[in-house]
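Single-structure report; data block below.
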Amino acid sequence: MYYASRNKPFKRMTEAAQKENPPTEELQTANEQVETDAIAGQLKQQAEEIVKLKDQYLRAMAETENVRARARREIEDSSKYAATKFARDMVGVVENLQRASASITPETRADNEALKQIGDGIDMTMQELLTIFERHGIKRLNPEGEKFDHNFHQAVAQVESKDVPAGNIVQVLQAGYIMHDRLLKPAMVTVATAQSSPADAPA
Numbered sequence: 076m077y078y079a080s081r082n083k084p085f086k087r088m089t090e091a092a093q094k095e096n097p098p099t100e101e102l103q104t105a106n107e108q109v110e111t112d113a114i115a116g117q118l119k120q121q122a123e124e125i126v127k128l129k130d131q132y133l134r135a136m137a138e139t140e141n142v143r144a145r146a147r148r149e150i151e152d153s154s155k156y157a158a159t160k161f162a163r164d165m166v167g168v169v170e171n172l173q174r175a176s177a178s179i180t181p182e183t184r185a186d187n188e189a190l191k192q193i194g195d196g197i198d199m200t201m202q203e204l205l206t207i208f209e210r211h212g213i214k215r216l217n218p219e220g221e222k223f224d225h226n227f228h229q230a231v232a233q234v235e236s237k238d239v240p241a242g243n244i245v246q247v248l249q250a251g252y253i254m255h256d257r258l259l260k261p262a263m264v265t266v267a268t269a270q271s272s273p274a275d276a277p278a
């Protein structure tokens with residue numbers, strides 16, 4: 076009995092020591108869990124970083140493609156419209172030829188062989204220029220009778236007309252020109268308006 080009582084303090088010390096210092100297997104398990112959690116955290120962080128880098132890569136690729144597409148468009152536009160200023164000057168020459176041709180009427184040509192040859196020469200020159208224009212994407216606009224379009228036509232005057240619907244072009248005073256899809260010179264036109272009814276006439 077005395078022996079047992081003498082060992083009680085030792086037993087309590089042993090239990091306390093076990094509580095303060097867990098067995099080696101439990102300690103190893105706890106360390107492994109800590110390491111696992113740390114690795115999982117690192118993997119999660121790396122996965123998030125990969126997603127971020129992938130997004131940046133895709134954005135950079137898209138921006139690069141946009142720059143390339145923009146450069147291609149600029150090169151194409153430069154090629155298509157390089158002669159815009161020259162073409163704008165040349166359409167004035169064509170219109171002068173048109174006016175010169177119109178000034179020599181068919182009757183005058185029939186009565187005067189010299190004027191007929193001059194008129195025919197002017198017509199051939201103008202037609203050749205228009206053919207060259209067509210090859211380079213330049214088109215002459217002669218919109219008589221068509222609906223007025225402010226993108227391609229410039230109204231000089233409005234007149235009442237019973238033959239042409241209101242808003243349509245009655246007369247083309249000067250033809251317009253476009254180069255591919257770009258306006259070089261608007262057509263100068265007269266536009267029809269609705270006829271006034273007798274009730275609208277001033278008393």
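Going by my numbering, the letters in the sequence shown line up with residues 76 to 278, in that order. Glycine included, each C-beta is placed from N, C-alpha and C at the ideal position.
Proximity winner among the options, relative to residue i (alpha-carbon distances)
| i | options | result |
| --- | --- | --- |
| Gly-242 | Ala-267, Thr-183 and Met-254 | Ala-267 |
| Val-168 | Ser-153, Asp-198 and Lys-155 | Asp-198 |
| His-211 | Ala-175, Gln-192, Ala-105 and Ile-253 | Ile-253 |
| Thr-159 | His-255, Glu-100 and Val-247 | His-255 |
| Arg-215 | Tyr-156, Arg-184, Lys-129 and Leu-204 | Leu-204 |
| Glu-170 | Asp-112, Gly-251, Ala-137 and Ala-157 | Gly-251 |
| Asp-238 | Thr-104, Ala-269 and Ile-150 | Ala-269 |
| Lys-222 | Met-201, Pro-240 and Ala-135 | Pro-240 |
| Val-234 | Thr-265, Asp-130, Thr-104 and His-228 | Thr-265 |
| Met-165 | Thr-139, Ser-153, Glu-140 and Ile-207 | Ile-207 |
Distance, residue j Cα to residue i Cα
| i | j | result |
| --- | --- | --- |
| Val-142 | Asn-226 | 30 Å |
| Gly-194 | Arg-174 | 11 Å |
| Ala-262 | Val-231 | 10 Å |
| Ala-162 | Lys-260 | 10 Å |
| Tyr-156 | Leu-258 | 11 Å |
| Glu-151 | Arg-184 | 46 Å |
| Gln-249 | Ala-146 | 37 Å |
| Ser-176 | Thr-200 | 10 Å |
| Glu-123 | Tyr-132 | 14 Å |
| Ala-135 | Lys-129 | 10 Å |
| Ala-189 | Ile-179 | 11 Å |
| Gly-116 | Glu-138 | 33 Å |
| Ser-153 | Ile-213 | 15 Å |
| Gln-202 | Ala-144 | 38 Å |
| Gln-120 | Asn-106 | 21 Å |
| Gln-192 | Pro-181 | 12 Å |
Per-residue DSSP class, three states only, for residue i
| i | result |
| --- | --- |
| Ser-236 | coil |
| Gln-249 | strand |
| Asn-217 | coil |
| Leu-259 | strand |
| Ala-230 | strand |
| Met-76 | With a pLDDT of 46 at Met-76, under the threshold of 50, the modelled position of that residue is not reliable, and no figure is offered here. |
Residue i - containing alpha helix (DSSP H), residue span
| i | result |
| --- | --- |
| Gly-70 | Nothing can be reported for residue 70: it is not among the residues displayed for the chain, which extend from 76 to 278. |
| Thr-265 | Taken as a continuous stretch (DSSP letters only), Thr-265 belongs to no alpha helix (DSSP H), being part of the beta strand (DSSP E) at 262-268. |
Boundaries (first-last residue) of the beta strand (DSSP E) holding residue i
| i | result |
| --- | --- |
| Lys-222 | From DSSP, Lys-222 is part of no beta strand (DSSP E); its letter is neither H nor E. |
- Query: Which full runs of the alpha helix (DSSP H) of 4+ residues lie inside the segment 118-193, going along the chain?
  - Reply: 159-178 and 181-186
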